[in-house]
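Numbering follows our numbering, with no gaps: position 250 of the sequence shown is 238. Where a beta carbon is used, it is the ideal one built from N, C-alpha and C, also for glycine. Treat the numbers as computed from the prediction; the structure is a model and nothing was measured. To start, the structure under review is shown below, and the notes come after it.
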Amino acid sequence: MIKAMKFSTVAALAMISAGAVSAQSADCPIKVGVLHSLSGTMAISETTLKDTMLMLIEKQNAAGGLLGCQLEAVVKDPASDWPLFAEKARELISNDEVDVIFGSWTSASRKAVLPVIEELNALYFYPVQYEGEESSKNVFYTGAAPNQQAIPATDYFLDELGVEKFALLGTDYVYPRTTNRILEAYLKDKGIAEEDIFINYTPFGHSDWSTIVSDVVALGADGKQVGVISTINGDANIGFYKELAAQGVSADDIPVVAFSVGEEELSGLDTSNLVGHLAAWNYFMTADTPENAEFIKEWHAFIGDEARVTNDPMEAHYIGFNMWVNAVTAAETTDVDAVREAMWGQEYPNLTGGTAVMGVNHHLSKPVLIGEIRADGQFDIISETDPVPGDAWTDFLPDSAVLKSDWKDLECGMYNTETESCVQIQSNY
């Protein structure tokens, strides 16, 4: 079980100044679980997030630690194997006795972890955009919900680019399927005919994209503008973008907006033929703010490589980690329930400017950015919204539109506003 600190911050500091605190008496160190794939198909995206957590922990320790203790990272590699995420999460909580876990990229891995962290009452910070339709009292979702990424990106295609036909291409697991179910309903509500929506799923690591790209090209044979909304994850993106280039598909012909492709994924590609294609995130490395400049400087110093990029999920870990530190400080303990309650309303500066705010539905309020790929693999920010509160339940599926999440006043993540009742507490939906 995740352990609690038994003393106040003031008392701890006083004991430190007196030279009286030992690691044992202070119940130190405070252990931070890091659960990211360092091998397998998702290593291309997740290894950097592990490194980000190590950087944040090192910086916090250099600043004096937390509650008079140093932080210790406990890293596990679930190897892009979703059931192994559950096994490793249980190890972190039961064997390693971590106080919090930061982890996952795919929703499949997060879903695998959910029963474990709810059973053992652990805290989990999830840093990647996802499909929504979930609210666990044990998870803080620091990435984008659909209304903070997928819906605004689709609006950009409709309103700014005049897209009339949509190809929804995704990896075959819960995040793309649920997101595309939401987008299909949204597009139909916007007047897009069912026959003008092409949906296709491929397995993780898929490499042969010739037929699928040809099918997308054929979709525009009648002269209507086609756009691709991509929820392709992991290293399958490499083959997809290479095939676009091989078939001579430019952003002027068929624009692609990706939800899982950022600076890290593009850093391994020849992006000269991808110029003009798009991505939707809450952060881009090119954001021109003092906070971002400092973050990039710290990252390059830590990683020892000036060429290494930053990306959106890194910012999500940056915000989530610092909010957790502040919540632990406010609660004067690492006790899960106390820290969870101290998280509601936590504020922390975004790297893009403005302030992220944690809602009682365990989702952040953040701006939505659309970026255009440059030849150097970076993004020109071409659209930015005011901060948007994350919505756990979409307004565009009838069964979800009546649901809300409020862990503070309603003590429920799946509250039916029509029946005025909590449907269920545990997130096994």
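- The three-state secondary structure of Pro17, taken from DSSP, is coil.
- Restricting attention to Pro140, Ala281, Glu286 and Ala173, the CA atom closest to the CA of Leu339 is found in Ala281.
- According to the DSSP secondary-structure assignment, Thr343 is paired through a beta bridge with Pro337.
- In terms of CA proximity to Pro134, Trp269 leads the group Trp269, Glu279 and Lys76.
- The beta-carbon distance between Val104 and Ala74, rounded to whole angstroms, is 5 Å. This is short enough to meet the 8 Å contact definition.
- For Thr405, no alpha helix (DSSP H) encloses it, and the DSSP letter there is neither H nor E.
- If the five residues before and after Ser388 are omitted, its C-beta is found closer than 7 Å to the C-beta atoms of Glu121, Trp381 and Thr382, all from its own chain and listed in chain order.
- Lys64 is the residue among Pro71, Lys64, Thr94 and Ala96 whose C-alpha sits nearest the C-alpha of Asn83.
- Ala77 carries a helical assignment under DSSP once its states are collapsed to helix, strand and coil.
- The criterion of a C-beta distance shorter than 8 Å is not satisfied by Ile139 and Ala110.
- Residues Leu339, Thr340 and Gly341 of the same chain have their beta carbon placed closer than 7 Å to that of Thr277, with the five preceding and five following residues left out of the count.
- Annotation for Val62: the continuous beta strand (DSSP E) segment containing it runs Leu59 to Lys64.
- Three or more Cβ pairs closer than 8 Å define a contact, and the segment 35 to 44 meets that threshold against the segment 291 to 306.
- For Val201, the three-state secondary structure derived from DSSP is helix.
- Collapsing the DSSP output to three states places Ile180 in coil.
- By the neighbour-count criterion, in which a residue is buried when 16 or more other Cβ atoms sit within 10 angstroms of its Cβ, Ile370 is exposed.
- Rounded to whole angstroms, Ile200 and Gln334 show a C-alpha spacing of 44 Å.
- Straight-line spacing of the CA atoms in Leu254 and Asp325 works out to 40 Å.
- Between Phe128 and Met273, the gap from beta carbon to beta carbon reaches 8 Å or more.
- In the structure shown, Thr277 falls within a coil segment according to DSSP collapsed to helix, strand and coil.
- The beta carbons of Val162 and Ser95 sit about 5 Å from each other, so the pair counts as a contact at 8 Å.
- In the structure shown, the three-state DSSP call for Trp312 is helix.
- For Leu385, there is no enclosing alpha helix (DSSP H), as DSSP marks it with neither H nor E.
- When beta bridges are read from the DSSP output, Val214 appears opposite Lys153.
- When the alpha-carbon of Glu119 is set against those of Lys153, Asn299, Asp143 and Leu171, the nearest one is in Leu171.
- In terms of Cα proximity to Lys153, the closest of Gly131, Leu44 and Ala209 is Ala209.
- The beta carbons of Ala246 and Leu207 sit no closer together than 8 Å.
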